[in-house]
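In UniProt numbering, the protein residues as written are 1 to 226.
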């Protein structure tokens, strides 16, 4: 070990080596044998993890720095799967992009691709807290608006489907739901239990709770404690 260079070793609860972090970023390989089944793991210095299972199937996970958090929080951008009976490669990947205004990132975009074909695109506008979802032809399908706490508050589909609105209590519980002509309000007690549910047709469901447990005896003589 060179002065100032540190290598970190991590072990599981049974004392087996699970992870090694080198200061040079050199590649490390591990083989795990469990019940006579041998699986191999290979960690590369670029953050790629390759796994080869005993049946011959292989999976590789490729990471890249997150657009917003950078290298501190890498994200899985591509997953490749190779089957033992298939010479081809099954690839599933997320492609990330960003839009900047005056040096600040305003839009964070993701595109889901499978086998080289676009399946889904998602764009999130940080200024308006709005997420837009598109199909494989970049045709707009759904807009989701978030509140200041990052919770979804409104769904606006592109089709004739009704708009959905939800509202939350100060503690984060869902208290209001509206979809077209249908609406529902929920009231909670201080312990977070539902007290009532009110519907647009005037119906109200009320809930009450016992302060102590009770024994429920069925005809089969089976007992349950409530």
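Virtual Cβ for every residue (Gly too), placed ideally from N, Cα, C.
Around the Cβ of residue 119, are there at least 16 other Cβ atoms within 10 angstroms (buried) or fewer (exposed)? Here residue 119 refers to the residue found at position 119 when the chain shown is read from its first residue. With fewer than 16 Cβ atoms within 10 Å of its Cβ, residue 119 is classed as exposed.
Under a Cβ-count criterion, where at least 16 other Cβ atoms within 10 Å of its own Cβ denotes burial, should residue 208 be classed as buried or exposed? The count along the chain shown starts at 1 and reaches residue 208 at position 208. Exposed is the call here.
If you count every other CB in all the chains shown that lies within 10 Å of the CB of residue 213, and 16 or more means buried, which is it? Position 213 of the chain shown, counted from the start, is the residue given in the question as residue 213. Classification of residue 213: exposed, given that the 10 Å Cβ count is below 16.
DSSP three-state call for residue 66: helix, strand or coil? Here residue 66 corresponds to residue number 66 of the chain shown, with the count starting at 1. If DSSP states are grouped into helix, strand and coil, residue 66 belongs with the strands.
Best match in 51, 72, 77 and 53 for proximity to residue 62 [C-alpha to C-alpha]: Indexing the chain shown from 1 puts residue 62 at position 62. Comparing Cα-Cα distances from residue 62 to each of 51, 72, 77 and 53, the minimum goes to 77.
Quick check on DSSP: helix, strand or coil for residue 130? Numbered from its first residue, the chain shown carries residue 130 at position 130. Here residue 130 sits in strand by DSSP.
Own chain partners of residue 83 with C-beta closer than 6 Å, once the 5 adjacent residues on each side are dropped: Against the chain shown, residue 83 aligns to sequence position 83. Closer than 6 Å at Cβ, skipping near neighbours: 57.
Contact check, residue 49 vs residue 60 under 8 Å by CB: the rounded distance? Working through the chain shown from its first residue, we reach residue 49 at position 49. Working through the chain shown from its first residue, we reach residue 60 at position 60. Right, their Cβ atoms sit about 7 Å apart.
Residues near residue 51 by beta carbon distance below 6 Å, same chain, minus five either side: As a working mapping, residue 51 is identified with position 51 in the chain shown. For residue 51, where only same-chain residues beyond five positions count, the Cβ hits under 6 Å are 41 and 59.
Residue 211 - partner residues in DSSP beta bridges: For the purposes of this step, residue 211 is identified with residue 211 of the chain shown, where counting begins at 1. Bridge partners of residue 211: none, in fact.
Could you check which residue in 179, 55 and 143 has the C-alpha nearest to that of residue 200? The residue labelled residue 200 in the question sits at position 200 within the chain shown. Selected option, being the one with the closest Cα: 179.
First and last residue of the uninterrupted beta strand (DSSP E) at residue 100: Sequence index remark: in the chain shown, residue 100 carries index 100 (1-based). Counting along the chain, the beta strand (DSSP E) containing residue 100 begins and ends at 90-101.
Specify the secondary structure class of residue 37 as computed by DSSP and reduced to three states. As a working note, residue 37 is residue 37 in the chain shown. DSSP places residue 37 in strand when its eight states are reduced to three.
Where residue 228 falls: helix, strand or coil (DSSP): This structure cannot settle anything about residue 228, because the visible part of the chain is limited to 1 through 226.
Taking 7 Å as the cut-off, decide whether the C-beta atoms of residue 109 and residue 117 are in contact. Along the chain shown, read from residue 1 onward, the residue named residue 109 stands at position 109. Along the chain shown, read from residue 1 onward, the residue named residue 117 stands at position 117. Taking 7 Å as the Cβ cut-off, residue 109 and residue 117 do not qualify as a contacting pair.
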